[in-house]
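Read through the structure below, which is laid out as structure tokens, and then see the notes.
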Amino acid sequence: MAEAVSKQLVVQEEDTQHGKFLTFQLGNEVYGIEIRYVTEIIGIQQITYVPEVPKYVKGIINLRGKVIPVIDVRLKFGKPPVDYDDRTCIIVIDINDTQIGLIVDCVSEVLNISDDNIVPPPSYKTGFQNKYIKGIGKVGNAVKLLLDCEKIISENDNTEAVEKLDN
Amino acid sequence: MSDNNGRDQMLDMFIFESNQLIEQLEEIMLDTEKEGELNSENINEIFRIMHTIKGSSAMMTYNNISKLAHSVEDLFYYIRENHPDNIDISEICDLVLAASDFIKQEVSKVDEGKESDGDEKEIEARIKQYLAKISGSEEVKRDAAPAAAAKAEEKKPEPQPEEEAKNSEVPPDDFRYIAKIYFDEGGQMENVRAYTISRNLMEFTHEMYTYPKDLLNTPPEIVLENGFMIFFATNLEEKQLRPIFEEALFLKSYEISRVESYESELQKYNLTSADSTKIKDTDSQKAKTTTTTPAKVPESNSAKNNAGGKDSSVPKNNKMSLISVNVNKLDSLMNLVGEIVISESMVTRNPDLKGLQLDNFNKAARQLRKLTDELQDIVMSIRMIPIAGTFQKMQRIVRDMSRKLNKDVEFVTVGEDTEVDKNIIDHLSDPLMHLIRNAMDHGVESEEERIKKGKAPKARITLTAHNTGGDIMISVSDDGQGINKEKILKKAREQGLLTKPENEYTEKEIFNLLLLPGFSTKDKVTEYSGRGVGMDVVKQNIEEVGGSISIKSVEGEGTTMTIIIPLTLAIADAMELSVGNNIYTLPTVAIKESFRAKEEDIIYDNDGHEMIMVRGNVYPIIRLYDLFKVDTDIKKLEDGILIMIEGDNKTACIFADKLIGEQQVVVKPLPKYLARYSIKELGIEGCTILGDGSISLILSAKNIINRII
Numbered sequence: 082m083a084e085a086v087s088k089q090l091v092v093q094e095e096d097t098q099h100g101k102f103l104t105f106q107l108g109n110e111v112y113g114i115e116i117r118y119v120t121e122i123i124g125i126q127q128i129t130y131v132p133e134v135p136k137y138v139k140g141i142i143n144l145r146g147k148v149i150p151v152i153d154v155r156l157k158f159g160k161p162p163v164d165y166d167d168r169t170c171i172i173v174i175d176i177n178d179t180q181i182g183l184i185v186d187c188v189s190e191v192l193n194i195s196d197d198n199i200v201p202p203p204s205y206k207t208g209f210q211n212k213y214i215k216g217i218g219k220v221g222n223a224v225k226l227l228l229d230c231e232k233i234i235s236e237n238d239n240t241e242a243v244e245k246l247d248n
Numbered sequence: 039m040s041d042n043n044g045r046d047q048m049l050d051m052f053i054f055e056s057n058q059l060i061e062q063l064e065e066i067m068l069d070t071e072k073e074g075e076l077n078s079e080n081i082n083e084i085f086r087i088m089h090t091i092k093g094s095s096a097m098m099t100y101n102n103i104s105k106l107a108h109s110v111e112d113l114f115y116y117i118r119e120n121h122p123d124n125i126d127i128s129e130i131c132d133l134v135l136a137a138s139d140f141i142k143q144e145v146s147k148v149d150e151g152k153e154s155d156g157d158e159k160e161i162e163a164r165i166k167q168y169l170a171k172i173s174g175s176e177e178v179k180r181d182a183a184p185a186a187a188a189k190a191e192e193k194k195p196e197p198q199p200e201e202e203a204k205n206s207e208v209p210p211d212d213f214r215y216i217a218k219i220y221f222d223e224g225g226q227m228e229n230v231r232a233y234t235i236s237r238n239l240m241e242f243t244h245e246m247y248t249y250p251k252d253l254l255n256t257p258p259e260i261v262l263e264n265g266f267m268i269f270f271a272t273n274l275e276e277k278q279l280r281p282i283f284e285e286a287l288f289l290k291s292y293e294i295s296r297v298e299s300y301e302s303e304l305q306k307y308n309l310t311s312a313d314s315t316k317i318k319d320t321d322s323q324k325a326k327t328t329t330t331t332p333a334k335v336p337e338s339n340s341a342k343n344n345a346g347g348k349d350s351s352v353p354k355n356n357k358m359s360l361i362s363v364n365v366n367k368l369d370s371l372m373n374l375v376g377e378i379v380i381s382e383s384m385v386t387r388n389p390d391l392k393g394l395q396l397d398n399f400n401k402a403a404r405q406l407r408k409l410t411d412e413l414q415d416i417v418m419s420i421r422m423i424p425i426a427g428t429f430q431k432m433q434r435i436v437r438d439m440s441r442k443l444n445k446d447v448e449f450v451t452v453g454e455d456t457e458v459d460k461n462i463i464d465h466l467s468d469p470l471m472h473l474i475r476n477a478m479d480h481g482v483e484s485e486e487e488r489i490k491k492g493k494a495p496k497a498r499i500t501l502t503a504h505n506t507g508g509d510i511m512i513s514v515s516d517d518g519q520g521i522n523k524e525k526i527l528k529k530a531r532e533q534g535l536l537t538k539p540e541n542e543y544t545e546k547e548i549f550n551l552l553l554l555p556g557f558s559t560k561d562k563v564t565e566y567s568g569r570g571v572g573m574d575v576v577k578q579n580i581e582e583v584g585g586s587i588s589i590k591s592v593e594g595e596g597t598t599m600t601i602i603i604p605l606t607l608a609i610a611d612a613m614e615l616s617v618g619n620n621i622y623t624l625p626t627v628a629i630k631e632s633f634r635a636k637e638e639d640i641i642y643d644n645d646g647h648e649m650i651m652v653r654g655n656v657y658p659i660i661r662l663y664d665l666f667k668v669d670t671d672i673k674k675l676e677d678g679i680l681i682m683i684e685g686d687n688k689t690a691c692i693f694a695d696k697l698i699g700e701q702q703v704v705v706k707p708l709p710k711y712l713a714r715y716s717i718k719e720l721g722i723e724g725c726t727i728l729g730d731g732s733i734s735l736i737l738s739a740k741n742i743i744n745r746i747i
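First to last, the sequence lines map onto chains U and R.
The opening residue of the first sequence carries number 82 in the numbering used here; numbering runs sequentially from there.
The opening residue of the second sequence carries number 39 in the numbering used here; numbering runs sequentially from there.
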């Protein structure tokens with residue numbers, strides 16, 4: 082009985098999280114990530130630089146005794162870097178037990194975007210950032226670029242391998 | 039069996055128990071061999087171990103293991119009962135060790151989640167043959183197997199006087215039943231299971247016959263195939279009887295039918311009233327004493343033992359004051375203590391306290407420091423286990439190899455009670471094994487050769503362990519032929535491993551060639567060594583736990599390989615140093631000295647590499663800001679500090695802005711995400727959290743040096 086109830090709760094929880102996106106800004110663009118990946122949002126803090134990693138990996142931070150890497154989403158998407166200020170945030174996400182912090186310009190809000198308001202992205206073959214976009218959500222007149230978190234974490238190897246090959 | 043959780047736990051228990059028993063068994067056998075005789079205590083112990091393994095493996099349905107254990111049990115049963123005087127100790131040791139190897143192998147297969155599919159027949163046949171040999175007749179050989187088990191079964195319970203048989207009148211108000219029972223396949227030892235059922239049933243019956251008559255001496259396959267029948271008389275109702283049957287394990291089906299009389303059935307199966315003796319004996323005795331007799335208890339216990347084998351597995355030595363704890367729990371305890379160490383320094387070195395006069399606070403802080411240190415020591419000591427177990431394994435290897443290679447070797451171990459962190463011990467076994475094999479195979483000469491050289495005919499290999507404070511030193515030394523430097527150089531040249539002119543190689547460097555991948559001087563490949571994979575793997579294994587290996591050898595006199603490993607991995611003494619805004623941590627073990635130098639002292643080679651001369655030796659300079667590409671204002675040698683570090687038997691000087699201080703740090707691994715970048719190779723082996731909550735990267739002297747030279 083208790084089990085059934087807790088199972089129901091889990092299902093409910095998933096349901097309440099479904100279709101919810103945390104949106105953040107990079108320059109003028111608004112991106113969204115599925116809320117279920119997000120563990121917390123923290124302000125920018127002291128980052129320990131780690132050598133010999135791609136530019137967008139800014140280093141590691143101490144999150145209450147846990148050491149987690151942080152990446153600058155701007156640099157990851159090939160945008161020009163900006164200085165961090167007090168609006169800069171680190172969104173800590175947890176994907177398949179890998180914790181990672183995403184540095185973004187600022188966090189906006191949590192939005193409900195139903196499935197039928199999400200369209201797949203157009204397939205530009207050359208678009209660099211495109212491969213991290215899972216879909217485009219429509220909210221009123223605005224569009225939000227919905228990120229594929231798993232790709233942000235895993236795709237790295239591929240892009241780098243490709244880059245190396247190109248060189 | 040369908041209960042997954044239950045089985046996992048059972049499986050864990052089985053693996054743990056079996057390994058422990060096998061270890062015990064090996065120890066006994068090696069002792070026995072040394073002493074040259076089998077004393078009765080050891081015989082009993084071996085018997086007990088095999089019995090337990092047989093029972094538990096049968097329960098876990100590992101057919102092959104239980105069969106083999108059964109045959110060893112038979113052998114020792116015979117030895118125990120008949121005290122044959124024609125036992126060849128070394129032969130019997132070989133047999134038992136072969137059996138224990140087999141079981142060990144199968145158990146490790148199970149442990150890895152594979153099927154236990156080894157074929158026990160060969161060893162089993164050897165054991166049976168040997169049993170036949172010592173018992174002197176083929177007859178015994180055939181009977182011994184089942185009979186021994188049966189006898190063991192019968193002897194343990196109190197012997198029942200035969201004459202009681204007459205008291206077999208069945209009370210007239212009894213019901214008579216015929217039950218037919220089938221077992222599931224894969225349950226193992228169906229005969230014993232059947233016997234167990236009959237035993238259980240016996241408690242409630244006044245008369246009982248089984249078919250086949252002598253269940254214990256009936257091959258299990260027959261019971262499995264044909265099932266078995268019980269004819270019994272009892273005053274219980276059928277529904278009261280059902281639970282007795284149903285509690286049996288691996289029961290496929292059973293039917294109970296109530297009959298007026300089963301005399302005719304009995305005749306059909308050639309059973310006479312005399313055939314019910316054994317069971318009825320107990321039964322009648324039971325009838326006399328009416329209530330549950332004390333005699334009953336050991337009986338049913340031993341019967342259960344045979345099927346389950348769990349009860350007898352408790353070692354009889356007084357280990358009551360010990361508990362076994364999951365290593366994971368210890369790991370998290372260790373982590374917690376690490377956090378406490380960090381928080382302690384966060385409090386006591388809090389920047390808010392700067393410049394304040396805090397006598398009482400400092401006193402309390404010192405006390406806290408003392409206690410956390412103590413706590414840390416205790417937690418570390420919990421994780422420490424004596425190295426004796428690992429040494430034991432080596433003993434076994436020496437024994438086996440000295441047989442095979444026909445080299446008489448005395449194996450001496452010193453410092454077996456040295457304690458080492460559990461994690462490290464797990465990494466030690468393989469490298470040590472390799473070193474011992476090398477010593478046996480390459481190091482030690484054959485007896486004739488030794489005599490020719492005027493050495494004692496019996497070679498000696500010494501395995502030593504001792505604690506040198508922060509490190510454990512383990513050395514393997516032999517008094518064999520030593521290492522021929524010319525031969526190594528020649529081989530290295532042939533394999534293209536030389537990086538500079540031959541005459542520039544120092545002795546240390548020549549020996550270190552042995553540790554390179556792909557190096558082997560042995561001309562022919564033997565079972566044990568010479569394939570050229572080895573020393574480099576040894577080196578790798580040892581470096582994995584932060585240790586190092588060095589070789590010393592005098593040609594003609596012997597070789598000593600010394601492994602130095604840290605006592606523990608998680609907490610290290612370290613020096614903090616800064617480069618620009620970054621603080622790096624360098625383990626103190628790697629630091630030889632630190633000193634200031636002037637820009638003019640730099641020597642350049644023709645490639646522009648910077649070097650510095652210290653007491654007549656020239657060392658390369660590694661500028662950390664250059665290596666890690668970080669910004670700093672301090673780029674002149676006189677403004678910063680040079681730290682001489684050693685790793686991998688090489689020395690270099692690193693240049694940093696300044697030294698901050700020494701501190702105990704808790705080593706944390708770098709996040710998984712960063713593993714894809716070659717940070718480790720660059721010379722960063724982990725990170726630690728400093729007193730102010732910031733993270734400092736821990737440098738690996740070895741990797742930094744290897745990058746440059």
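For each residue, glycine too, the CB sits at the ideal point set by N, CA and C.
Just so we're clear, the structure is a prediction, and the values are computed from it rather than from any experiment.
With distances taken from CA atoms, which of the options is nearest residue i?
{"i": "Lys216/R", "options": "Leu253/R, Tyr300/R, Lys166/R and Asn229/R", "result": "The sequence given here places Ile at residue 216/R; Lys does not occur at that position. Residue Tyr300/R is the option with its Cα nearest to Ile216/R."}
{"i": "Val119/U", "options": "Asn193/U, Gly218/U, Gln180/U and Ile194/U", "result": "Gln180/U"}
{"i": "Tyr663/R", "options": "Phe399/R, Leu680/R, Ile727/R and Gln405/R", "result": "Leu680/R"}
{"i": "Met246/R", "options": "Asp252/R, Met649/R, Phe270/R and Pro258/R", "result": "Phe270/R"}
{"i": "Gln126/U", "options": "Leu226/U, Ile141/U and Leu103/U", "result": "Ile141/U"}
{"i": "His472/R", "options": "Ile601/R, Glu457/R, Glu540/R and Ser383/R", "result": "Ile601/R"}
{"i": "Ile589/R", "options": "Val514/R, Ala402/R, Ile361/R and Thr99/R", "result": "Val514/R"}
{"i": "Pro150/U", "options": "Thr129/U, Gly159/U, Phe158/U and Lys157/U", "result": "Thr129/U"}
Exposed or buried, residue i, counting other C-beta atoms within 10 Å across all chains shown (16 or more means buried)?
{"i": "Ala186/R", "result": "Per-residue confidence for Ala186/R stands at a pLDDT of 44, beneath the threshold of 50, marking its modelled position as unreliable; no derived number is given."}
{"i": "Ile747/R", "result": "exposed"}
{"i": "Arg488/R", "result": "buried"}
{"i": "His99/U", "result": "exposed"}
{"i": "Ile733/R", "result": "buried"}
{"i": "Asp516/R", "result": "buried"}
{"i": "Tyr642/R", "result": "exposed"}
{"i": "Pro203/U", "result": "exposed"}
{"i": "Ala402/R", "result": "exposed"}
{"i": "Arg653/R", "result": "exposed"}
{"i": "His108/R", "result": "buried"}
With a threshold of 6 Å on Cβ separation, who are the neighbours of residue i within its own chain once the five nearest residues in sequence on each side are excluded?
{"i": "Gly520/R", "result": "Ser591, Val592, Glu593, Gly594, Glu595, Gly596 and Thr597"}
{"i": "Ile123/U", "result": "Ile171"}
{"i": "Gly265/R", "result": "Lys218, Ile219 and Tyr220"}
{"i": "Lys354/R", "result": "Reliability fails at Lys354/R, whose pLDDT of 42 lies under 50, so the model's placement of it is uncertain and the value that follows must be treated cautiously. Nothing listed; no residue qualifies."}
{"i": "Val224/U", "result": "Ile217"}
Please check if any C-beta of chain C sits within less than 8 Å of the C-beta of residue i.
{"i": "Leu413/R", "result": "Looking at the structure shown, chain C is missing, and the protein chains on hand are U and R."}
Looking only at its own chain, which residues have a Cβ that is under 8 Å from the Cβ of residue i, when we skip the five neighbours before and after it?
{"i": "Val110/R", "result": "Ile84, Met88, Leu133, Val134, Ala137 and Ile165"}
{"i": "Glu110/U", "result": "Leu226"}
Which same chain residues, not among the five before or five after residue i, have their C-beta less than 7 Å away from its C-beta?
{"i": "Asn522/R", "result": "Glu593"}
- Selection of the region 694-715 of chain R by Cβ proximity to chain U, strictly under 9 Å: Lys706, Pro707, Leu708, Pro709, Lys710, Tyr711, Leu712, Arg714 and Tyr715
- Pair every Cβ in the region 412-420 of chain R with every Cβ in the region 428-440 of chain R, then say whether three or more of these pairs are closer than 8 Å. no
- Message: Against chain U, which members of the region 727-738 of chain R pass a CB distance test of less than 8 Å?
- Response: Ile727, Gly731, Ser732, Ile733, Ser734 and Leu735
- Query: Looking at C-beta atoms only, is the number of pairs between the region 182-195 of chain U and the region 153-170 of chain U that lie closer than 8 Å three or more?
  - Reply: yes
- Message: Short of 7 Å Cβ to Cβ, which residues in the region 601-631 of chain R face chain U?
- Response: Asn620
- Cβ contact (3+ pairs, closer than 8 Å) linking the region 82-99 of chain R and the region 227-235 of chain U: no
- Members of the region 97-131 of chain U near chain R, C-beta cut-off 7 Å: Gln127, Thr129, Tyr130 and Val131
- Query: According to a CB-to-CB cut-off of less than 8 Å, which residues of the region 211-234 of chain U neighbour chain R?
  - Reply: Ile234
- Do the region 631-651 of chain R and the region 719-729 of chain R make contact, defined as three or more Cβ pairs closer than 8 Å? no
- Message: Quick check: the region 446-466 of chain R against the region 575-589 of chain R, are at least 3 beta-carbon pairs closer than 8 Å?
- Response: yes
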